[in-house]
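See below for the structure under consideration.
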Amino acid sequence: MNNNTRQITMKAIPSMASMLFKAATSRKPKQREPQFLPLKINTKGIQVDANKLEKFCRVCDFDQGDTLPLTYPHIMAFALHLQLMLEPEFPFNPVGVVHVRNRIRQQRAIGANETLDFCVYFGSAEQVEKGYEASFITEVRINGELVWDDLSVMLIRKGGSGIKKEKSPATETISYNESIQWQLASNKGRQYAAAAGDYNPIHLFPWTAKLMGFKRHIMHGMWSKSRTVAHLLPADYHGAVSIDVAFKLPIFLPSTVTLMVNSHGDKHQFEMKDHKGEKPHLAGELQLGTGITN
49 MNNNTRQITM
59 KAIPSMASML
69 FKAATSRKPK
79 QREPQFLPLK
89 INTKGIQVDA
99 NKLEKFCRVC
109 DFDQGDTLPL
119 TYPHIMAFAL
129 HLQLMLEPEF
139 PFNPVGVVHV
149 RNRIRQQRAI
159 GANETLDFCV
169 YFGSAEQVEK
179 GYEASFITEV
189 RINGELVWDD
199 LSVMLIRKGG
209 SGIKKEKSPA
219 TETISYNESI
229 QWQLASNKGR
239 QYAAAAGDYN
249 PIHLFPWTAK
259 LMGFKRHIMH
269 GMWSKSRTVA
279 HLLPADYHGA
289 VSIDVAFKLP
299 IFLPSTVTLM
309 VNSHGDKHQF
319 EMKDHKGEKP
329 HLAGELQLGT
339 GITN
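The sequence shown finishes on residue 342 if you use our numbering, and the numbering steps up by one all the way, no holes.
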């Protein structure tokens with residue numbers, strides 16, 4: 049961590065309602081050459097709200113047991129991500145920031161009754177063709193032990209370089225050995241919002257999404273990732289695990305999505321597409337036995 053990093057210690061994770069309001073009304077001055085300055089936010093002694101956890105498990109189809117779903121610490125930390133974006137070290141307004149990639153690593157399963165210490169901070173930032181990409185890093189410790197971390201890459205569609213990256217060499221087409229479809233009702237985004245606290249208007253109703261420039265409301269990307277984890281990761285698996293995904297095209301509601309999986313030993317490659325298996329929504333890989341330190 050940079051010695052010049054400003055550090056903030058919070059007594060608790062702020063409420064999502066207050067963070068969303070502040071994010072919606074934030075007006076930061078424009079910078080000719082935006083700078084992402086180092087910042088770190090800590091909050092300790094956090095306990096899981098059993099009612100919120102139950103709602104999250106239900107909407108993502110997790111079997112609720114005595115451990116947290118792999119993606120749940122990210123949901124808990126989302127208000128801290130918004131707090132990072134509201135601070136002066138983040139040079140843009142939070143509205144319009146797009147989650148494009150996410151990697152989660154877990155060293156061991158986290159008990160639902162354990163006390164968690166959160167730390168969130170900025171990673172790297174770079175100018176890309178469509179704007180800027182900034183990474184947010186989240187760490188969860190229990191009694192000083194790092195048990196879970198998360199890398200979220202966010203796209204800010206401002207001040208892009210206009211320079212296209214060279215395309216990576218073509219990779220071998222994956223042959224999937226499993227396919228399953230899920231139907232998402234029009235109110236699925238509202239159900240997830242109630243469970244996760246993310247009431248971004250683009251996820252709620254057609255008219256609220258149109259106010260934000262979308263033709264219809266769309267599903268949360270982290271629902272797609274969480275639903276995939278619920279399908280692939282056995283509820284009784286308590287070992288090291290990692291999952292890395294890229295978010296692709298939005299899922300307009302209502303919709304039917306297709307999850308295609310190639311499982312080989314402890315590695316599961318997957319894609320989520322539309323009902324025809326054509327338009328990509330999510331792509332990634334889940335690896336058992338690979339956590340933070342191995």
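We put the beta carbon where it would ideally sit given N, CA and C, even for glycine.
For clarity, every value in this text was computed on a predicted model and none was experimentally measured.
Asked	Found
First and last residue of the beta strand (DSSP E) that includes E226?	226–232
Can you list, in chain order, the residues of its chain whose CB lies under 6 Å from that of P282, leaving out five sequence neighbours each side?	none
Hey, would you say I158 sits closer than 8 Å to W196, going by beta carbons?	yes
Measure the Cβ-Cβ separation of F318 and V309 and say whether it is below 8 Å.	yes
How should L297 be labelled, buried or exposed, when 16 other C-beta atoms within 10 angstroms of its C-beta is the threshold for buried?	exposed
Taking DSSP as the reference, what is the three-state secondary structure of P328?	strand
I need the boundaries of the alpha helix (DSSP H) containing E193, first residue and last residue.	Note, E193: premise wrong, no alpha helix (DSSP H); beta strand (DSSP E) at 193–204.
So what does D322 bridge to, in DSSP terms?	V305
Verify whether the separation of the beta carbon atoms of H312 and M320 is less than 8 Å.	no
Tell me whether the beta-carbon of F166 lies closer than 8 Å to the beta-carbon of I56.	no
Identify which residue in F300, Q239, F184 has its Cα closest to the Cα of C108.	Q239
Taking Cβ to Cβ, would you say F253 is nearer than 8 Å to G269?	no
Using a 10 Å radius around the Cβ and a threshold of 16 neighbouring Cβ atoms, would you call H265 buried or exposed?	buried
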